[in-house]
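Notes follow the structure.
2 protein chains.
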Amino acid sequence: MAVRTLKVDEDILNANDKLADALRSRFDASQVFVMNLMSSPGAGKTSVILRIIEALSSKYKIGVIEGDIASDVDARKIAKSDVDVVQINTSGACHLDANMILAAAETIGLDGRQLLIIENVGNLVCPAEFRLGENVKVMILSIPEGHDKPLKYPLMFTESSALILNKIDLLPHTDFDMDELRKTVTAMNPGIRIFPVSAKTGEGVGGFVGWLEEKMTGA
Amino acid sequence: MAVRTLKVDEDILNANDKLADALRSRFDASQVFVMNLMSSPGAGKTSVILRIIEALSSKYKIGVIEGDIASDVDARKIAKSDVDVVQINTSGACHLDANMILAAAETIGLDGRQLLIIENVGNLVCPAEFRLGENVKVMILSIPEGHDKPLKYPLMFTESSALILNKIDLLPHTDFDMDELRKTVTAMNPGIRIFPVSAKTGEGVGGFVGWLEEKMTGA
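Respectively, the protein sequence lines represent chains G and V.
This note's numbering runs 995 ahead of the 1-based position in the first sequence.
This note's numbering runs 995 ahead of the 1-based position in the second sequence.
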């Protein structure tokens, strides 16, 4: 059948890429490692971040930038820990862009900071197109979303260095096929690391945190 | 903190609205009732559609338009039933627009059709901004996504006539607060109808199907 393809606005993407390059230089100069965390709504980004803070906040100075269309629900959860947090409200925009991060990085401050975690807007599509000057893109797929998602939303799975499979505590109650998921994802992105975790129980979190620390320290 | 707001492209939205009006006239002329079904990835749009088909396909001539960025996974599931299905691949675009529906409606055919179900791209943000000439917008929130989603993604909850709360079979395994969800959603959209269902077990599906049939027949 006839399919019309909406053109991605090349000008917007090019402008964002330039700004992302400048941001990356700035992050490198401050020696801060930046992780851009992406997923669908409700996959568990904030819960995973709270687990990372629990594991690493005694060793490193961490900051979190929270991206949401509206509300500061997540920022208030993070603020209960001892790390700095800044909320971005995008007023309808479906993803964060480098310009928003520039403003937020100024506010949170980079001096002496070692890890900056950016929680993107909950969206399995648009955030994957916009670089934020990050060192690594990490995505979460939660078990109840189903193992067929890589086929339907390929870009984020291709762009990410690590895939966290969250909510494995719900595995017994779903028909999620872990082997099928691994096969599909590694065919699309052979270098991706896959970490099954439960942010709720803590299971598997250590594996991901170990990987993140290796990336941070270049080990 | 300083927040930059990306401008919604008014020209794109205006052009879509005009086309959506034309589509609606065309649907009305053919006396076909059109439902635009939206949700996050993996909330259960296809499973709910299969339940609607099971309940109504002996009484009405149904067609389904499947919107996905890539793949025809969902269309193949629908094609196992006895209804007509057309797949749209958006090649990266994060939502369906009226122009895509125009092409798909031509292909599937409107003559004698009584119900056309449009499964939008899995995305809790962008699809809510684009009218497709539909009679009703219906959205799904699945229990594992959490009860805080209306605060964070308000537009779709405001735009929808009905909210299907899917995967209630997982309620015992989550901390989903049904009262909190109802309170938040009805404060934003007092007229919205809320239907807790499990597309997996069939529980609660009848209530939604009854509402849909009322809307279709103007009862």
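For glycine and all other residues, C-beta sits at the position ideal for the given N, C-alpha and C.
Keep in mind it's a predicted model, so treat the numbers as computed, not measured.
Q) Considering only the beta carbon of each residue, do residue 1082 (chain G) and residue 1070 (chain G) sit closer than 7 angstroms? A) yes
(request) Could you give the DSSP three-state label for residue 1129 (chain V): helix, strand or coil? (result) coil
Task: Closer than 7 angstroms to chain V by CB, residue 1146 (chain G) - done: yes
query = On the three-state DSSP scale, how would you describe residue 1171 (chain G)?
reply = coil
### Query
Opposite residue 1152 (chain V) in the DSSP bridges: which residues?
According to DSSP, which records beta bridges pairwise, residue 1152 (chain V) is partnered with nothing at all.
Handout entry: Helix, strand or coil at residue 1114 (chain G) according to DSSP, with G and I counted as helix
Key = strand
Just how far apart, CA to CA, sit residue 1203 (chain V) and residue 1126 (chain G)?
-> 41 angstroms
Work out the CA separation of residue 1024 (chain V) and residue 1033 (chain G) for me, nearest whole Å.
43 angstroms
Mind listing the chain G neighbours of residue 1155 (chain V)? Cutoff is C-beta to C-beta under 9 angstroms, in chain order. What residue 1155 (chain V) touches in chain G: nothing, since even the nearest Cβ is about 15 angstroms away.
Local conformation of residue 1021 (chain G) per DSSP, three classes: helix
Taking contact to mean at least 3 C-beta pairs separated by less than 8 angstroms, is the region 1150 to 1159 of chain G in contact with the region 1070 to 1080 of chain G?
no
Is any beta-carbon of chain G found at less than 7 angstroms from that of residue 1142 (chain V)?
no
Where the beta strand (DSSP E) containing residue 1081 (chain V) begins and where it ends: 1079 to 1084
**Asked** Does the beta carbon of residue 1172 (chain V) come closer than 7 angstroms to any beta carbon on chain G?
**Response** no
To the nearest angstrom, how far is it from the Cα of residue 1156 (chain G) to the Cα of residue 1053 (chain V)? 48 angstroms
* So what's residue 1157 (chain G) in DSSP terms, helix, strand or just coil? -> strand
Determine contact between the region 1104 to 1116 of chain V and the region 1162 to 1178 of chain G, defined as no fewer than three beta-carbon pairs at a distance below 8 angstroms.
no
Assigned secondary structure, residue 1006 (chain V) (DSSP; H/G/I helix, E/B strand, else coil): helix
Within 7 angstroms of any Cβ in chain G, is that where the Cβ of residue 1045 (chain V) sits?
no
Check: Cα separation between residue 1104 (chain V) and residue 1043 (chain V)?
Finding: 23 angstroms
**Study point:** Rounded straight-line distance, which links the Cα of residue 1197 (chain V) to that of residue 1063 (chain G)
**Key:** 33 angstroms
Query raised in the report: DSSP state of residue 1061 (chain V), grouped into three classes?
Result: strand
Within 10 angstroms of the Cβ of residue 1006 (chain G), are there 16 or more other Cβ atoms? Answer buried if so, exposed if not. exposed
Spatial neighbours of residue 1179 (chain G) within its chain, please: C-beta separation below 7 angstroms, excluding the five flanking residues on both sides. 1145, 1146
When you compare only the Cα positions, how much space is there between residue 1164 (chain V) and residue 1117 (chain V)?
21 angstroms
- If you run the structure through DSSP and keep just helix, strand and coil, what is residue 1206 (chain G)? helix
Residue 1191 (chain G) to residue 1065 (chain G) span [Cα, whole Å]:
29 angstroms
Pull up the CB-CB distance for residue 1080 (chain V) and residue 1074 (chain V), whole angstroms please, since I reckon it's below 8 angstroms.
-> 5 angstroms
Practice item. Using a Cβ-Cβ cut-off of less than 7 angstroms, list which residues of the region 1049 to 1078 of chain V approach chain G; keep chain order. Key: 1063, 1064, 1065, 1066, 1068
Q. For residue 1041 (chain G), is the classification buried or exposed, using 16 other Cβ atoms within 10 angstroms of its Cβ as the cut-off for buried?
A. buried
Excluding five sequence neighbours on each side, which residues of the same chain lie with their C-beta closer than 7 angstroms to the C-beta of residue 1092 (chain G)? 1011, 1125
* **CB contact check: residue 1192 (chain V) to chain G, cutoff 7 angstroms** => no
Of the choices G:1166, G:1200, G:1168, whose alpha-carbon is the least far from that of residue 1158 (chain G)? G:1200
Original post:
Under the three-state reduction of DSSP, which class applies to residue 998 (chain V): helix, strand or coil?
Top reply: Note that residue 998 (chain V) scores a pLDDT of 37, beneath 50, so its modelled location is shaky and nothing firm can be said.
Within the continuous beta strand (DSSP E) that includes residue 1145 (chain G), where are the two ends? Segment 1144 to 1147 is the alpha helix (DSSP H) holding residue 1145 (chain G); no beta strand (DSSP E) there.
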